[in-house]
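For reference, the structure is listed below as structure tokens.
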Amino acid sequence: MAINMIISPDNFLPNFINKSSFKIFIMKKLVAVILALTAFQTMWAQKDAKALSERDLKLYPVLWQQSAAEYRALCYQAYNLATARLDKIVMDSPSRKNLAIITDLDETILDNSEIAGEEIKEGKVDPAKWIKWLQKPEIPTVPGAVDFLKYAGEKGVSIFYISNRDTSGLNLTLNILMRLKLPDADLDHMLFFTNDLSKESRRQSVMKDNDVVMLFGDNLDDFMKVFEGKPIAERFAETDSLRDEWGKRFIVLPNATYGEWEEAFFDYKDNLTDKQKIAMLKELLRGLDK
Numbered sequence: 177m178a179i180n181m182i183i184s185p186d187n188f189l190p191n192f193i194n195k196s197s198f199k200i201f202i203m204k205k206l207v208a209v210i211l212a213l214t215a216f217q218t219m220w221a222q223k224d225a226k227a228l229s230e231r232d233l234k235l236y237p238v239l240w241q242q243s244a245a246e247y248r249a250l251c252y253q254a255y256n257l258a259t260a261r262l263d264k265i266v267m268d269s270p271s272r273k274n275l276a277i278i279t280d281l282d283e284t285i286l287d288n289s290e291i292a293g294e295e296i297k298e299g300k301v302d303p304a305k306w307i308k309w310l311q312k313p314e315i316p317t318v319p320g321a322v323d324f325l326k327y328a329g330e331k332g333v334s335i336f337y338i339s340n341r342d343t344s345g346l347n348l349t350l351n352i353l354m355r356l357k358l359p360d361a362d363l364d365h366m367l368f369f370t371n372d373l374s375k376e377s378r379r380q381s382v383m384k385d386n387d388v389v390m391l392f393g394d395n396l397d398d399f400m401k402v403f404e405g406k407p408i409a410e411r412f413a414e415t416d417s418l419r420d421e422w423g424k425r426f427i428v429l430p431n432a433t434y435g436e437w438e439e440a441f442f443d444y445k446d447n448l449t450d451k452q453k454i455a456m457l458k459e460l461l462r463g464l465d466k
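Residue numbers (my numbering): 177 to 466.
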């Protein structure tokens, strides 16, 4: 005997249950489930949008600097190469006088990734946290930096620290350099930002009375003015034209968190929204068809 039955409240509910009321109950539950799923989907969509904010995009590069052994290897590689170069310079030209090195500070000697990490965690920039960080008893340093600078000082090479840190933090930074026992840790060798973000005039003032044999930095603006404010294609061209200087006179440290390269991504435009920046980044990104 064939049984042909459609499953519905009329088929399986006992007679003592009001079938109309039950149908209404089921419909209400279905509506509630649909609304809950819609809210859940919206929540995740909002979460995804938030994850694409500019600050949160820095999560990976900051973690890379803090946690990737490859980052440390690149830093050691840079300073090992610098040591070999300095030895050769001193050996080949013992009569050269007033030898000097110009170096940046942040992400070249001092590791500021804790500040970037704090901004990601808090979701905002807090200047008070920066001052608090500067007052820490121990400040993280870039692997290999302190040993190299001390070695250069022992060789009689003067060290000049050119940074775009604001002069309001000059004494706090000086205290850090002194605690690290770095050579030439004094105000005469520290050239900080006053009213010109370009470091060119400060570099020239050092070069006027010193034989600068090497420059160190994590940003191409730390080496020459020619890179300042240039679009990506021109930065590439200038980098290629100086290919013989990299690893010789110019020693570059890795920094995937911030720099002039980031400004070039956005055509040096200010006041862009996160949405506009994400759109520009995706447009810039190369795939198989571009």
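Don't be surprised by glycine CBs; every beta carbon is placed ideally from N, CA and C. Values in this document were obtained by computation on a predicted structure and should not be read as measured data.
Task: Cross-strand partners of residue 337 (DSSP beta bridge) - done: 279, 366
- [ ] Please determine if the region 298-309 and the region 362-382 are in contact, where contact requires at least 3 C-beta pairs separated by less than 8 Å.
- [x] no
Open item on the list: I need the DSSP call for residue 268, collapsed to helix, strand or coil.
Closed with: helix
Open item on the list: Please state whether the Cβ-Cβ distance between residue 343 and residue 369 is less than 8 Å.
Closed with: yes
Open item on the list: My parser needs the alpha helix (DSSP H) runs of 4 or more residues fully inside the region 295-319; what are they?
Closed with: 303-310
Open item on the list: With distance defined between alpha-carbon atoms, name the residue in 390, 401, 434 nearest to residue 259.
Closed with: 390
Task: Among 321, 264, 386, the one whose alpha carbon lies nearest that of residue 274 - done: 386
Open item on the list: Using the three-state DSSP reduction, which class does residue 456 fall into: helix, strand or coil?
Closed with: helix
TODO: Report the option in 284, 236, 465, 347 whose CA atom is closest to the CA atom of residue 251.
DONE: 284
Open item on the list: So, under 8 Å CB-CB, residue 321 and residue 262 are touching, yes? Tell me the CB distance rounded to an integer number of Å.
Closed with: Between residue 262 and residue 321 the Cβ distance is about 14 Å, and since that is not below 8 Å, they are no contact.
TODO: List the residues that DSSP assigns as beta-bridge partners of residue 428.
DONE: 393
- [ ] Could you tell me if residue 276 is buried or exposed, where buried requires 16 or more neighbouring beta carbons within 10 angstroms of its beta carbon?
- [x] buried
Open item on the list: Looking only at its chain, what residues have a beta carbon closer than 6 Å to the beta carbon of residue 257, apart from the 5 residues adjacent to it on each side?
Closed with: 423
TODO: Check the DSSP bridge columns for residue 176 and list the partner residues they point to.
DONE: What the structure shows of the chain is the stretch from 177 to 466, and residue 176 is not part of that stretch, so it cannot be assessed.
Task: Distance CB(residue 230)-CB(residue 453) smaller than 8 Å - done: yes
Open item on the list: Could you give the first and the last residue of the continuous alpha helix (DSSP H) run that contains residue 244?
Closed with: Segment: none, residue 244 is in no alpha helix (DSSP H) and carries neither H nor E.
Task: Cα-Cα separation between residue 310 and residue 340, rounded to whole angstroms - done: 15 Å
Open item on the list: So the candidates are 233, 330, 439, 428; which of them puts its Cα closest to the Cα of residue 280?
Closed with: 428
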